[in-house]
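Number of protein chains: 2
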Amino acid sequence: MKAFQDYYPEELSHCYGCGSQNPQGHQLKSYWDGDTTVAWFTPEAYHTAIPGYVYGGLIASLIDCHGTGTAAAAAYRAAQRDMGSEPALRFVTASITVDYLAPTPMGEELELRGEVLEIGERKVITQIEVKAAGKACARGIVIAVKMPAGMLPAKN
Amino acid sequence: MKAFQDYYPEELSHCYGCGSQNPQGHQLKSYWDGDTTVAWFTPEAYHTAIPGYVYGGLIASLIDCHGTGTAAAAAYRAAQRDMGSEPALRFVTASITVDYLAPTPMGEELELRGEVLEIGERKVITQIEVKAAGKACARGIVIAVKMPAGMLPAKN
């Protein structure tokens with residue numbers, strides 16, 4: 000199964016959170032699961048906050064990338080287009096809110112579940128829930144907008 | 000000048016974003032500047048989003064740590080206590096919102112400015128602005144709460 004991020008064009012695959020071309024990054028991978036989206040990530044030992052718990056900034060980062068990935072996938076679906084087809088639909092984050100519901104324990108694989116709350120031509124709003132060992136630890140809202148043309152890097 | 004984070008007790012200094020005891024982390028340092036707080040951070044080349052721009056998850060992480068640091072410093076000030084004095088006042092993030100105002104260019108030192116919007120016994124709300132080359136790129140609101148006693152690790 001190919002992840003959303005594996006369809007991103009090479010020049011847009013350097014994101015620290017989810018770019019397949021960023022060896023130092025988190026390389027998050029997001030997938031459809033029916034009408035929701037899902038991603039998994041196991042934090043490293045150094046991704047700590049208070050010892051024993053996962054760093055909230057990492058959780059926000061994962062929510063961010065799963066949110067923009069879900070936005071792109073949902074935009075392709077709405078347009079009845081394959082994710083690999085050109086022109087690429089790529090979204091950037093306009094705003095993110097994360098509520099930390101409970102301390103996130105270390106040593107667990109985190110599950111991120113995404114849901115599309117609103118989809119328009121230019122803007123997609125998603126809700127992402129993060130669970131550890133089956134318990135909801137954080138919930139985020141990501142407002143993603145189509146990447147401005149001026150941000151697009153030149154193709155190699 | 001000693002940073003807020005350098006007053007955190009050793010057992011609370013492992014945070015990936017700002018812990019002095021986390022060699023793999025960002026080691027953000029926050030300071031008072033009159034009634035506002037300030038921190039600086041230069042992203043690494045791999046902290047990229049779209050090439051040429053800084054990863055939004057990193058920006059959220061810096062806002063998070065500068066927000067909780069500002070909350071702690073403000074709580075000590077409100078109590079007219081030195082930051083090194085016991086018992087330690089340490090805050091964790093209950094909620095964070097980040098609005099990305101403009102793409103953040105790579106290759107610039109980022110300046111974070113913090114302002115206390117609300118301070119209570121248990122909860123401190125701060126606003127953090129992130130500037131690159133003098134231009135505001137992101138603005139965050141961090142709702143920080145006193146660390147629950149149950150999260151406190153044992154002292155070494």
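These protein sequence lines map, in sequence, to chains A and B.
Those letters in the first sequence? Residues 0 to 155, by numbering that gives the first Met the number 0.
Those letters in the second sequence? Residues 0 to 155, by numbering that gives the first Met the number 0.
Glycine included, C-beta positions come from ideal geometry on N, C-alpha and C.
8 Å contact criterion, which residue i and residue j should meet: CB distance rounded
i: A:THR3; j: A:LEU109; result: At residue 3 of chain A the sequence reads Phe, which differs from the Thr that was named. Their Cβ separation, rounded to whole angstroms, is 17 Å, which puts A:PHE3 and A:LEU109 out of contact at 8 Å.
i: B:LYS145; j: B:PHE90; result: 6 Å
i: A:THR103; j: A:TYR52; result: 6 Å
i: A:LEU111; j: B:TYR15; result: With a Cβ gap of about 18 Å, A:LEU111 and B:TYR15 do not count as contacting.
i: B:PRO8; j: B:ALA87; result: 5 Å
i: A:SER29; j: A:THR35; result: That pair is no contact at about 11 Å.
Within chain B, the residues that residue i reaches when beta carbons sit closer than 9 Å
i: A:ILE49; result: GLU10, LEU11, HIS13, CYS14, ARG89, VAL91, MET146, MET150, LEU151, PRO152
i: A:PRO102; result: VAL91, PRO147, GLY149, MET150
Element boundaries [beta strand (DSSP E), containing residue i]
i: A:ASP32; result: 29 to 32
i: B:LEU116; result: 109 to 118
i: B:GLY139; result: 134 to 145
i: A:ALA159; result: The question about residue 159 of chain A has no answer, for chain A in this structure spans 0 to 155.
i: B:GLU128; result: 122 to 131
Best match in the options for proximity to residue i [C-alpha to C-alpha]
i: A:ALA59; options: A:ASP98, A:GLU43, A:PRO50; result: A:ASP98
i: B:GLU107; options: B:ALA135, B:ASP32, B:PRO8, B:ILE142; result: B:ALA135
i: A:GLY119; options: A:ALA74, A:ILE49, A:TYR45, A:GLY24; result: A:ALA74
i: B:HIS65; options: B:VAL115, B:PRO8, B:MET150, B:LEU151; result: B:VAL115
i: B:GLU117; options: B:ILE142, B:ARG138, B:ALA132; result: B:ILE142
Residue span of the alpha helix (DSSP H) that contains residue i, given as start and end
i: B:CYS64; result: 55 to 77
Coil, strand or helix - residue i by DSSP
i: B:ASP81; result: coil
i: A:ALA2; result: coil
i: A:GLY24; result: coil
i: A:ALA101; result: coil
i: A:ALA148; result: helix
i: A:GLU43; result: coil
8 Å Cβ cut-off: residues of chain B touching residue i
i: A:HIS46; result: TYR15
i: A:ASP98; result: ALA93, SER94
Chain A contact residues for residue i, given Cβ-Cβ distances below 7 Å
i: B:LEU57; result: TYR15
i: B:GLY24; result: TYR45
Under 9 Å from the C-beta of residue i: neighbouring residues of chain A
i: B:SER60; result: TYR54, GLY55, GLY56, LEU57, ALA59, SER60
i: B:CYS136; result: Within chain A, no residue comes near B:CYS136; the closest Cβ sits about 12 Å away, beyond 9 Å.
Residues that residue i contacts on chain A, provided the C-beta gap is smaller than 8 Å
i: B:ASP63; result: GLY55, GLY56, ALA59
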